[in-house]
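This report concerns only the one structure given below.
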Amino acid sequence: MNGQDIDAASNREAHSPRLAQTALLTALAMLAFAGNSLLCRFALKETAIDAASFASLRLVSGALALALIVRLRHGGNATRAGDWRAALALFGYAASFSYAYASLPAGTGALILFGAVQVTMITHGLLKGERLGLLQMAGFVAACGGLTALMLPGVHAPSLSASILMAGAGVAWGVYSLRGRGSTNPLAANAGNFGRASVLTLVLSGMLWRFAEFDAPGVVSAIVSGALTSGVGYAIWYTALRALSATQAAVVQLTVPVIAALGGVGLLGETLTLRLVVTSIIVLGGVAAVVGGAARRLEAA
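Right under this line is the structure:
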């Protein structure tokens with residue numbers, strides 16, 4: 524074995540643990556994101572908690588968890604990061620997400636949410652002058668068409684009002700994601716935004732107090748969703764992102780609706796309909812075409 528072979532072997536050995544760690548962190552983050560859909564659907568379907576209370580508990584517990592993580596990692600005050608515009612978008616996402624899951628199955632909701640997020644961000648890019656190739660444009664149209672087909676009236680069609688709410692949640696999350704681009708400390712920004720959005724959800728809960736309902740399983744589900752699958756989940760995701768390209772980060776998120784759908788079937792007893800399977804293939808395939816086209820254009824440049 525010559526010197527070059529030894530160096531190559533050493534590099535592989537050095538990279539293997541790092542790759543394994545990144546893969547594990549990425550998988551945990553995707554499970555956490557899908558877990559948000561499963562926990563919210565479970566709470567609003569199987570427990571007594573109302574949507575506003577769930578959203579409030581989720582954001583408050585998420586804010587506390589993120590603030591603690593930021594303090595432990597950086598020793599700073601998380602409340603100074605973020606801004607009210609981003610917090611308003613986060614509030615719109617959390618409230619719409621919770622109310623939508625009162626009627627939507629976990630997988631259907633996750634697909635609508637994910638599709639709307641991607642369509643929002645791609646549309647923003649187009650408005651800013653980005654150009655799509657032919658395959659990318661076809662993928663974008665397919666993704667939009669798949670979402671529309673999923674929400675059209677039919678035997679297995681989801682609730683139209685709930686679907687619109689979830690699409691609104693996706694638009695809000697897309698706006699929130701765009702607001703966070705370029706942040707030097709995204710974890711701290713998220714912590715600050717969660718804190719601000721918590722104030723807004725508490726105001727909403729106060730306005731709807733006479734409709735509030737609680738029980739232990741619902742409260743626990745909301746707290747776990749906020750502290751664990753949101754707070755800790757985002758911390759894990761931002762750690763994984765350091766070793767992922769933008770394209771890899773976008774592609775792995777295609778797994779979230781799939782995990783949520785399978786979790787809904789296995790854990791919540793939901794039905795995996797042909798309509799959901801077909802539209803999932805169309806939407807996720809369309810998004811993959813857009814992301815893949817962008818990656819090829821970057822490589823060519």
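Going by the numbering used here, the sequence shown opens with residue 524, and the numbers climb by one from there.
Note that beta-carbon positions come from the ideal geometry of N, C-alpha and C, so glycine has one too.
Just so it is clear, the structure is predicted and the values come from calculations on it, not from any experiment.
For residue 628, the three-state secondary structure derived from DSSP is coil. A Cβ-Cβ contact shorter than 8 Å links residue 694 with residue 643. Taking residue 622 as reference, the option from 659, 683, 663 and 782 with the minimal CA-CA separation is 683.
Our two residues, residue 667 and residue 587, have alpha carbons roughly 36 Å apart in a direct line. Annotation: the segment 721-759 contains the following complete segments of the alpha helix (DSSP H) (minimum length 4 residues), in chain order: 739-747. Between the C-alpha atoms of residue 671 and residue 598 there is a straight-line separation of about 46 Å.
In the structure shown, residue 706 adopts coil according to DSSP, grouped into three states. For residue 547, the closest C-alpha among the options 716, 677, 649 and 756 is that of 756. Rounded to the nearest whole angstrom, the C-alpha separation of residue 691 and residue 541 is 38 Å. The criterion of a C-beta distance shorter than 8 Å is satisfied by residue 633 and residue 784. Here the alpha carbon of residue 686 sits roughly 19 Å from the alpha carbon of residue 577. Using a C-beta cut-off of 8 Å, the segment 720-736 makes no contact with the segment 674-681, since fewer than three inter-stretch Cβ pairs fall below that distance.
Looking at the backbone, the Cα of residue 568 and that of residue 545 are separated by about 34 Å. Annotated three-state conformation of residue 777 is coil, per DSSP. Each of 617, 774 and 590 was checked against the Cα of residue 814, and the nearest Cα belongs to 774.
Taking a contact to require three or more Cβ pairs closer than 8 Å, the segment 648-664 and the segment 600-614 do not qualify as touching. Where residue 671 is concerned, the enclosing alpha helix (DSSP H) starts and stops at 657-674. By the criterion of a C-beta distance shorter than 8 Å, residue 788 is surrounded in its chain by 630, 794 and 795, once the five residues flanking it on both sides are discounted. Closest in C-alpha terms to residue 595, from the list 557, 571, 584 and 711, comes 711.
Shown here for residue 554: same chain residues with a beta carbon closer than 7 Å to its own, the five before and five after excluded, namely 782 in chain order. Here the alpha carbons of residue 764 and residue 653 stand approximately 23 Å from one another.
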